[in-house]
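Below is one structure, written out as structure tokens; the observations come after it.
Residue numbers (this note's numbering): 57 to 542.
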């Protein structure tokens, strides 16, 4: 029994020795970087050590999930207690991405595995870091959008192409040494509001990067118009209209406008600042000038104009004022027609036909006289007739007097008197002027005579003085001669 117990451990020891590999070898791996982009080289340093002589294979595989790829296999011979170092390189490719490890195996010459080792997990990705900046966040149509950006891989420079997408419009650009720049002139009818600037970059290895940023496009007024087209009116009718302001894409927008209504004489009948879509209201007066009017609106650098035609209206109104008939042109053109005025008292009547010529808003009066009593007065103009019943009148006889004609005659008489007085005054003034001129001429002549007489007197005195001086000189010479002689 004791012999059996002693033989069992010995058997186990011999079995363990038999099962041990004939060669004791180990492999160690250097750790990769945490992240790689496509096209970058994954360099793995490894070493193999054996206590005894070793001949066999070293194999490195890349394992990304279920995707396993052997990228390095070498037959090596190692002397006892000697460490052999190697470097294996793998270029990251699009076919193997994600979280990966590298596994290293040592096999003997028969292909049996002796030892293996694995690295920590690392990432192989086609994603590169992309970013860009813009000068501001709010832009107007036709402004220049300046974009500056960078694209970065985990190692080395990124060189490739990029595309900027703006409202489905694409603008190509180039990335060189990690950088790119692009200027885009925003089009005139760009949609207002918040829009996304989308930048994408790619290189020949298959790496891609994307970045989006928001920018706000302002509304820009591009069209101003009236709600109605050209119109025609008559005096007394009402003009109603509205302005509308549209942005760069034809959508309505709020704002203010300055509205003018211009008459045919270029007079500003209306000048008003108002909001768009606020109603413009104007009633043409009875004497509104006929012809082409203009309705204008201005907002920013925009303007809208429309023509308005005001037609002619030939019309008068009549009224009794203090026993006088007033006839007024309430139309907007010259009224030049005959009117018939009838004063009626029972069977008796007085008729006066008068040719009148009245400018717009002009009026005349007819004085109505008749023996004391109440009269019916009728005024006929063409097919129209207006009547005034029971109008009290006074006077000795029935009489209809055009005060305008009388007033005109009185004015003419006064003008003649003024003209006559002016002519008389001018005649008197002319006579006085002639007289003054004659007096001046006479005075000048008398003055000349006087000065001539005085001049002659002076010349005579001077001549007399010269004679006396000559006489005195001779006497002095004679006296001196006499003295010498004595």
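Backbone N, C-alpha and C define an ideal beta-carbon position, used for all residues, glycine too.
- Counting of Cβ neighbours within 10 angstroms places residue 392 among the exposed residues, the total staying below 16.
- Sequence-distant Cβ neighbours of residue 355 in its own chain, meaning closer than 7 Å and more than five residues away, are 277, 280, 301, 311, 312, 313.
- Taking the Cα of residue 424 as reference, the smallest distance to any Cα among 400, 417, 438, 412 is reached at 400.
- DSSP, reduced to helix, strand and coil, places residue 85 within a strand of the structure shown.
- In terms of Cα proximity to residue 198, the closest of 145, 212, 274 is 274.
- The three-state secondary structure of residue 210, taken from DSSP, is coil.
- Around the CB of residue 243, fewer than 16 other CB atoms lie within 10 Å, so the residue is classed as exposed.
- Nearest to residue 152 by C-alpha distance, out of 170, 127, 387, is 127.
- Per DSSP, the continuous beta strand (DSSP E) segment holding residue 392 begins and ends at 391-401.
- In this structure, the alpha-carbon of residue 452 lies about 8 Å from that of residue 428.
- Distance from the Cα of residue 318 is smallest, within the candidate group 363, 308, 204, for 363.
- In the three-state scheme derived from DSSP, where H, G and I count as helix and E and B as strand, residue 184 is classed as coil.
- In this structure, the beta-carbon distance from residue 120 to residue 155 falls below 8 Å.
- The three-state secondary structure of residue 475, taken from DSSP, is helix.
- Going by beta carbons, residue 384 and residue 372 fall inside the 8 Å limit.
- The DSSP-derived three-state label of residue 176 is coil.
- Taking C-beta separations shorter than 7 Å and ignoring five residues to either side along the sequence, the partners of residue 88 in its chain run 98, 100, 158, 175, 178, following chain order.
- The DSSP-derived three-state label of residue 522 is helix.
- Segment contact: the region 231-248 against the region 209-221, three or more CB-CB distances shorter than 8 Å; contact assigned.
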